[in-house]
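Single-structure report; data block below.
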Amino acid sequence: MKHVQRLGRSLMLPVATLPIAALMLGIGYWIDPNGWGGDNQIAAFLVKAGAAIIDNMPILFAIGVAIGMADKGDGTSALAGLVSFLMITTLLSPGSVENILNRALSEVHTAAFEKIDNVFIGILSGLIGAFSYNRFKNTKLPDAFAFFSGKRSVAIVTGGISIVAAFLLMFIWPFIFGGLVAFGEAVVGIGPWGAAIYGFFNRLLIPLGLHHALNQVFWFDLVGINDLGNFWNNTGLLGETGVYMTGFFPVMMFGLPGAALAMYHTAKTTQRKVAAGILMSGALASFLTGVTEPIEFAFMFLAPILYVIHALLTAISMFIMAILPIRAGFNFSGGFIDLFLSARTPLALNPWLIIPIGLGFSVIYYALFRIIITKFNLKTPGREDEDYAEEESKFTLATGDFAAVAATVLEGLGGADNITSLDNCITRLRVEIKDYLLVDEKKIKSAGVSGVIRPSKTSVQVVVGTQVQHVADEIHKVIGDK
1 MKHVQRLGRS
11 LMLPVATLPI
21 AALMLGIGYW
31 IDPNGWGGDN
41 QIAAFLVKAG
51 AAIIDNMPIL
61 FAIGVAIGMA
71 DKGDGTSALA
81 GLVSFLMITT
91 LLSPGSVENI
101 LNRALSEVHT
111 AAFEKIDNVF
121 IGILSGLIGA
131 FSYNRFKNTK
141 LPDAFAFFSG
151 KRSVAIVTGG
161 ISIVAAFLLM
171 FIWPFIFGGL
181 VAFGEAVVGI
191 GPWGAAIYGF
201 FNRLLIPLGL
211 HHALNQVFWF
221 DLVGINDLGN
231 FWNNTGLLGE
241 TGVYMTGFFP
251 VMMFGLPGAA
261 LAMYHTAKTT
271 QRKVAAGILM
281 SGALASFLTG
291 VTEPIEFAFM
301 FLAPILYVIH
311 ALLTAISMFI
321 MAILPIRAGF
331 NFSGGFIDLF
341 LSARTPLALN
351 PWLIIPIGLG
361 FSVIYYALFR
371 IIITKFNLKT
381 PGREDEDYAE
391 EESKFTLATG
401 DFAAVAATVL
411 EGLGGADNIT
421 SLDNCITRLR
431 VEIKDYLLVD
441 EKKIKSAGVS
451 GVIRPSKTSV
461 QVVVGTQVQH
471 VADEIHKVIG
481 DK
């Protein structure tokens with residue numbers, strides 16, 4: 001579980017580069033929606049700038065995963081990930097494989113190796129680079145080879161492992177590719193129902209952080225779907241491309257904020273202040289940027305039935321948007337910013353209709369959440385048995401005093417001496433601890449965070465929200481290199 005969580009965080013590093021691509025491509029298409037930069041030099045400049053990121057996502061994943069999975073964020077691991085990616089993709093290009101095997105490839109094998117420059121290989125390369133760094137960064141060699149000791153040995157070891165990996169993939173990858181294509185084709189083949197199935201499992205996998213792996217199949221060019229890339233590069237079909245993105249907008253912009261309002265209205269009067277800080281800031285982040293974790297983690301473990309309903313409503317949204325003549329896309333997530341930027345892209349279709357449909361989903365989310373919370377007395381934020389009114393710190397996340405928030409969280413984690421490692425993803429602190437008995441969840445929550453998750457006796461996740469980096473930085477100032 002620890003490594004799965006860490007991989008989830010690592011995958012978010014390259015994903016975090018997508019907003020700048022959305023900004024460049026969105027503005028470029030807005031300026032020249034028909035010529036795609038062909039009729040305006042400024043638009044052409046911006047479109048090419050954004051495409052530079054989209055077209056090289058596999059490399060970004062190789063580097064991001066290598067950094068994220070390394071014991072310490074070090075440029076050496078990033079270099080190792082890049083070395084691995086370049087070696088594997090070069091060795092497994094169709095021409096190289098034909099030359100190495102000394103025979104012509106079949107049509108299926110050629111198609112598989114033509115797709116070797118993909119996000120999956122980027123992730124694999126990053127893992128190889130991180131493993132090589134973690135295992136060999138302190139290697140000591142005899143004096144004659146001392147120059148290659150330590151971190152200088154990492155890239156060399158990475159090269160050797162990558163050669164072995166490329167050799168194995170030469171025979172394994174065509175089968176992997178075939179299976180992914182079959183899965184993608186099966187989903188595509190059932191039209192809107194396929195979009196609904198994807199949306200349902202996309203939400204269900206979020207607690208494990210494995211939704212990123214599922215996204216690679218549909219959003220990127222792993223099995224030929226490439227919904228995200230085709231939408232922004234104008235290489236898809238009007239009315240079809242965007243089908244695996246459009247349905248997220250009503251949920252992220254309107255549905256979850258409606259759920260947040262329902263949870264606020266059903267909170268205890270004495271705890272509404274704390275609930276408001278958690279829920280309303282999460283609702284704003286979901287609406288503007290499509291970052292949903294602050295809201296989702298606020299209820300997924302406290303009230304799992306609500307999370308299943310959320311996943312079902314996402315599936316319904318994906319289905320409805322798939323059958324209607326509405327298409328929009330995003331480069332980061334389904335928030336207002338990406339909707340605005342994508343509205344005039346060549347493959348956008350009636351994106352304004354997302355707003356009235358989204359308002360309908362907001363009402364549905366609000367009504368269902370409020371009814372179910374009150375009927376089953378679910379312990380959503382502000383309805384817990386504990387009364388935080390007396391324990392609430394005068395410094396909360398809502399005040400912006402991140403040093404005070406960090407101090408409260410650190411105290412709740414058992415102090416600096418109880419922490420063996422601490423890092424963060426886009427919304428969560430991920431902490432490894434020595435003694436789980438020293439963790440005081442009530443104290444941590446008094447800082448105004450969205451929730452506390454304990455996947456194991458040595459792991460704690462603190463759901464902070466989009467301000468998590470500031471809190472993590474303040475804690476690092478205290479714990480240093482412990």
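Under the numbering used here, the sequence shown has 410 at position 410, and the numbering climbs by one with no breaks. Idealized CB from N, CA, C, for every residue including glycine.
Integer Cβ distance of residue i from residue j, believed to fall under 8 Å
| i | j | result |
| --- | --- | --- |
| Gly159 | Val65 | Going by Cβ atoms, the distance from Gly159 to Val65 rounds to 18 Å, so no, they are not a contact pair. |
| Ser342 | Gly290 | Rounded, the Cβ-Cβ distance is 12 Å, inconsistent with contact. |
| Ser84 | Ala62 | 7 Å |
| Ala404 | Ile475 | Wrong, their Cβ atoms sit about 12 Å apart, outside the cutoff. |
| Ser132 | Gly247 | Going by Cβ atoms, the distance from Ser132 to Gly247 rounds to 40 Å, so no, they are not a contact pair. |
| Ala347 | Gly236 | It is worth fixing the name first, because residue 347 is Leu in this sequence and not Ala. Confirmed, Cβ separation roughly 6 Å. |
| Gly412 | Val439 | 7 Å |
| Asp55 | Asn118 | Incorrect: roughly 12 Å between the Cβ atoms, too far for contact. |
| Phe361 | Pro250 | 4 Å |
| Val464 | Ile444 | The Cβ separation is near 10 Å, so there is no contact. |
| Leu378 | Leu302 | 7 Å |
| Pro174 | His109 | 5 Å |
Beta-carbon contacts of residue i that lie in its chain and below 8 Å, excluding the five residues immediately before and after
| i | result |
| --- | --- |
| Tyr366 | Gly258, Ala259, Leu261, Ala262 |
| Ala165 | Ser84, Ile88, Leu124, Ile128 |
| Leu46 | Met24, Leu25, Ile27, Gly28, Ile31, Gly37 |
| Asp227 | Phe218, Trp219, Gly236, Thr241, Gly242, Val243, Tyr244, Met245, Gly329 |
| Glu391 | For Glu391, the predicted structure reports a pLDDT of 41, less than 50, and the residue's modelled location is therefore unreliable. A value from the coordinates is still provided. Contacts found: Lys442, Lys443, Ser446. |
Best match in the options for proximity to residue i [C-alpha to C-alpha]
| i | options | result |
| --- | --- | --- |
| Ile206 | Asp71, Ile337, Ala311 | Ala311 |
| Val452 | Asp143, Leu141, Glu441, Gly224 | Glu441 |
| Ser77 | Ala144, Ile156, Asp55, Glu411 | Ile156 |
| Leu25 | Thr17, Gly50, Ala44, Leu13 | Gly50 |
| Gly382 | Glu240, Ser450, Asn226, Phe201 | Ser450 |
| Ala80 | Glu293, Arg272, Leu60, Ser106 | Leu60 |
| Lys268 | Trp219, Leu359, Glu293, Ile373 | Ile373 |
| Ala186 | Leu169, Phe167, His211, Phe218 | Phe218 |
| Arg344 | Ala283, Leu238, Ala285, Asn418 | Leu238 |
| Lys137 | Glu296, Gly95, Asp71, Ile371 | Asp71 |
| Asn331 | Leu359, Trp232, Phe376, Leu168 | Trp232 |
| Ala472 | Leu429, Arg370, Gly448 | Leu429 |
| Glu134 | Val154, Phe167, Gly122 | With the sequence shown as reference, residue 134 is identified as Asn, and Glu is not the correct amino acid for it. Of Val154, Phe167, Gly122, the residue nearest in Cα terms is Val154. |
| Ser10 | His109, Leu86, Leu92, Gly122 | Gly122 |
| Arg272 | Leu306, Asn350, Gly448 | Gly448 |
| Tyr307 | Phe369, Ser281, Leu349, Asp338 | Phe369 |
| Gly224 | Val188, Gly199, Pro192 | Val188 |
| Lys375 | Phe297, Val363, Ile305 | Ile305 |
| Ile20 | Ser456, Asp338, Ala44, Phe175 | Asp338 |
| Asn234 | Asp423, Lys48, Tyr436 | Lys48 |
Nonlocal neighbours in the same chain, by C-beta distance under 7 Å from residue i, ignoring five residues either side
| i | result |
| --- | --- |
| Phe287 | Met253, Pro257, Gly335, Phe336 |
| Ile513 | No answer is possible for residue 513: the residues shown for the chain start at 1 and end at 482. |
| Phe177 | Ala112, Lys115 |
| Phe201 | Leu214 |
| Arg203 | His310, Ala311, Thr314 |
| Phe120 | Gln216, Leu222 |
| Lys434 | Asn418, Thr420 |
| Lys151 | Thr76, Lys137 |
| Leu410 | Ala416, Ile475, Val478 |
| Ala195 | Val243, Tyr244, Gly247, Met318, Phe319, Ala322 |
| Val97 | Leu105, Phe113, Met170 |
| His470 | Phe402 |
| His211 | Asn202, Leu205 |
| Ala285 | Val291, Pro294, Gly465, Thr466 |
| Pro94 | Leu105, Thr110, Phe113, Glu114 |
Cβ neighbours of residue i in the same chain (closer than 6 Å, five flanking residues each side left out)
| i | result |
| --- | --- |
| Arg454 | Val460 |
| Ser421 | Glu432 |
| His265 | none |
| Ile357 | Pro250 |
| Leu13 | Gly64, Gly68 |
| Asp74 | none |
| Phe395 | No answer about Phe395 holds up, because its pLDDT of 47 lies below 50 and its placement is not dependable. |
| Gln467 | none |
| Pro192 | Phe319, Ala322, Ile323 |
>> Three or more C-beta pairs under 8 Å: does that hold for the segment 318-333 against the segment 270-280?
In response: no
>> Quick check on the DSSP output: what are the complete beta strand (DSSP E) runs of length 3 or more inside the segment 83-135, in order along the chain?
In response: none
> Considering only residues of the segment 267-336, which uninterrupted alpha helix (DSSP H) runs meet the minimum length of 4 residues and lie entirely inside it, listed in chain order?
Replying inline: 272-289, 293-299, 304-323
> Taking contact to mean at least 3 C-beta pairs separated by less than 8 Å, is the segment 160-173 in contact with the segment 181-190?
Replying inline: no
> Where are the beta strand (DSSP E) runs, 3 residues long or more, that stay fully inside the segment 390-449, in chain order?
Replying inline: 419-424, 428-433
> Which ranges would you report for the alpha helix (DSSP H) in the segment 354-381 if only whole runs of at least 4 residues count?
Replying inline: 354-376
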